[in-house]
Amino acid sequence: MISNIAMGFRVSMFIVVVVLPGVEAFCFASGPTGPGLSCKYEGHVFASGSSYKAPAPHCVECTCEDGGMSCCGYGKSAGVVNIEGCKQVDRPDSCELFLVDARRPNRPCPGFRR
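Right, dumping it as structure tokens:
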């Protein structure tokens, strides 16, 4: 029998994947392994009912419920950003999204405001 939390998660994922296809984001999940179990992401173990925000270079926030884990990227790992005339610059030590002018990379992106 599927718990209400697991069913709600599956319905939410269906909406994100099927209903909102124009929105691009980076998320993934692992199925529940049993009540009260912990979760593990990149060597960090965290308890059921809690969250873990992995710093750069991972830039992923994970939530653990009954041993099942759902994770979504944040900052530069949140998803695809496409602004005409701009390109993304990766800084491995930061999760912040950095966009620069595609023609003059030493200048900020003219179409992007924080």
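Positions -25 to -1, 1 to 89 (mature numbering (1 follows the signal peptide of the UniProt record, and there is no 0)) are the ones given, in order, by the sequence shown.
Built from N, CA and C at the ideal position, the CB exists for glycine as well.
Since we're looking at a predicted model, the values are computed, not measured.
Check	Outcome
Would you kindly report the start and end of the unbroken beta strand (DSSP E) that includes F3?	2 to 5
Express the C-alpha separation of A4 and K28 in angstroms, rounding to a whole number.	15 Å
With DSSP as the reference, identify every bridge partner of D76, one or two as the case may be.	C61
What does DSSP give as the partner residue(s) for V55 in the beta ladder?	DSSP output for V55 lists no bridge partner at all.
Use the C-beta contact count for V64: other C-beta atoms within 10 angstroms, 16 or more gives buried, fewer gives exposed.	exposed
Just to confirm before moving on: does the CB-CB distance between G43 and L72 stay below 9 Å?	no
Where DSSP assigns a beta bridge to H19, which residues make up the other side?	Y16
Give the straight-line distance between the Cα atoms of P7 and E40, rounded to the nearest whole angstrom.	7 Å
Drop a sphere of 10 angstroms on the beta-carbon of V35, count the other beta-carbons inside from all chains shown, and report buried for 16 or more, exposed for fewer.	buried
For G48, name the three-state secondary structure that DSSP assigns.	strand
Helix, strand or coil for E40? Go by DSSP, reduced to three states.	strand
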